[in-house]
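Asker: In the working numbering, the protein residues as written are 6 to 423.
In this text, a Cβ means the ideal position worked out from N, Cα and C, and glycines have one as well.
Given the structure is predicted, the values throughout are model-derived calculations rather than measurements.
Please see the structure below; I have some questions.
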Ligand SMILES: [Zn+2]
């Protein structure tokens, strides 16, 4: 089972927007670019929303059938480990093996000796085709990287073999993710991480390193976009080289766990991908849920009321909601309007504050981040929230489609707006 050159991870918290998400993929296809949709959902999200992996499979199958999509599509067991993977085995055909928690765990001296010895051919001046500078590699370089990442690679091997035993060879796509950690991995780290993953016999098709800079949820990149793009391009070249020398799958590509909306990075990423004829998996986060809120607010009446109530409850429970996302949100409370103010807002005021349009003076990055982590509130509202979505399906769906198409697919995959 092979993942195509371009793919996009489209999380959908409540599983209602699959068709609207597909409309964006179909629009891209009509404009000449084939993108494989991948419905990703992590164990953390399932737990908070109260859904099961089978629900995601049902949503994906339904969306594809309803829209007549003839291309590939996948269901991603996102950020799983040995302890959480079992309930995803039947429904997923894409597995993101998250080994970030194993970074820095000790490896034995015997393991580190063997790892260092097996890579001694790369000692000296390491040249990666396409990268102008060379890297100076000593035993110590390899051993230091091994100390940091060998245990994580070994764990990835254990998770992979666990899934392999259940599903059989070739029946699923493997991604390895190391993004949910505090220190970024350099292109040289990535080179030796790929060596370790190849050593574990993992046929990985995508890899998600932690890139330089901050990738907060639902908001633009925080950091130096030029530095990001430089390292991103080097990572692309490292992958191309690693495929050849470590005998990894030829379609191996980067997976960018973007947290969504990294608009300032898309143009540079696009240039690097085109320059090196490389593929990409863009994993977006739960911004489809924010488009639901935008659609409800825009609908006015009972829709706006639900959106206002979500805001009020989120405001009251901010600490609790942020806890699972502590490293990927940064909210300035003093910039959050009080619920009393928001309760008096018109549709337009709510939408303008929430929609990710940096040119709009009313856009509020703090409000957006708070609502991003507030999907638990909507999950608790249950039927009231779901029935509001159903009543305002059209306007919600239009916002979902437009968000994926205009803000993500166009700048990264199409390179222009219509
Ligand atoms: Zn991630």
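1. Please determine if the segment 262 to 275 and the segment 310 to 330 are in contact, where contact requires at least 3 C-beta pairs separated by less than 8 Å.
2. Please give me, in chain order, every unbroken run of the beta strand (DSSP E) with length at least 3 that falls completely inside the segment 179 to 217.
3. Could you tell me whether the segment 215 to 233 touches the segment 161 to 176, where touching means 3 or more Cβ pairs closer than 8 Å?
4. Could you check whether the Cβ of residue 51 sits closer than 6 Å to any heavy atom belonging to ligand 3?
5. Would you give the residue range spanned by the beta strand (DSSP E) that residue 47 belongs to?
6. Using only alpha-carbon positions, find the residue among 9, 29 and 8 that is nearest to residue 419.
7. Checking 7 Å against the spacing of the C-beta atoms, do residue 395 and residue 315 come in under that value?
8. Report the partner residues of residue 51 according to the DSSP bridge assignment.
9. Quick one: residues in its chain with C-beta nearer than 6 Å to the C-beta of residue 61, no 5 flanking neighbours on either side, listed in chain order?
10. If you reduce the DSSP assignment to three classes, tell me which class residue 169 lands in.
11. Between residue 251 and residue 290, is the Cβ-Cβ spacing less than 7 Å?
12. Nearest CA to the CA of residue 240: which residue from 258, 249 and 128?
13. What are the boundary residues of the alpha helix (DSSP H) that includes residue 400?
14. Using CA coordinates, which residue listed in 153, 115 and 242 is at the minimum distance from residue 107?
15. Under 8 Å, with one C-beta from each stretch per pair, do the segment 356 to 370 and the segment 290 to 299 reach the 3-pair mark?
16. Considering only C-alpha positions, which residue in the set 211, 41 and 271 is nearest to residue 243?
17. Distance check for residue 372 and residue 302, CA to CA, integer angstroms please.
18. If you measure from each residue's Cβ to the nearest non-hydrogen atom of ligand 1, which ones come out under 7 Å, in chain order?
19. Spatial neighbours of residue 227 within its chain, please: CB distance less than 7 Å, with the 5 preceding and 5 following residues excluded, ordered by chain position.
20. I'd like the span of the alpha helix (DSSP H) that includes residue 227, first residue to last.
21. So which of 346, 13, 245 and 401 has the shortest CA-CA distance to residue 299?
22. Can you give the Cα-Cα distance for residue 113 and residue 181, rounded to whole angstroms?
Answerer: Concretely, from the data shown:
1. These segments do not touch.
2. Counting whole runs of 3 or more residues, the segment 179 to 217 contains the beta strand (DSSP E) stretches 211 to 213.
3. Cβ pair count under 8 Å is below three, so no.
4. Only ligand 1 can be found as ligands here, which leaves ligand 3 out of the picture.
5. First-last of the beta strand (DSSP E) with residue 47: 41 to 47.
6. Among 9, 29 and 8, the Cα nearest to that of residue 419 belongs to 29.
7. No, they are not a contact pair.
8. Beta bridge pairing from DSSP links residue 51 with no other residue.
9. Taking residue 61 as the centre and dropping the five residues before and after it, the same chain places the C-beta of 44, 46 and 80 closer than 6 Å to its C-beta, in chain order.
10. If DSSP states are grouped into helix, strand and coil, residue 169 belongs with the helices.
11. Not a contact, by the Cβ cut-off of 7 Å.
12. Among 258, 249 and 128, the Cα nearest to that of residue 240 belongs to 258.
13. Unbroken alpha helix (DSSP H) run through residue 400: 398 to 407.
14. The shortest Cα separation from residue 107 among 153, 115 and 242 belongs to 153.
15. Yes, they touch.
16. Selected option, being the one with the closest Cα: 211.
17. Those two C-alpha atoms are separated by around 14 Å.
18. Per the Cβ criterion, the list is 84, 182, 184, 185, 213, 262 and 288.
19. Closer than 7 Å at the Cβ level, and outside the excluded window around residue 227, lie 218, 219 and 221.
20. First-last for residue 227: undefined, no H or E at that position.
21. The shortest Cα separation from residue 299 among 346, 13, 245 and 401 belongs to 401.
22. Distance between the alpha carbons of residue 113 and residue 181: 22 Å.
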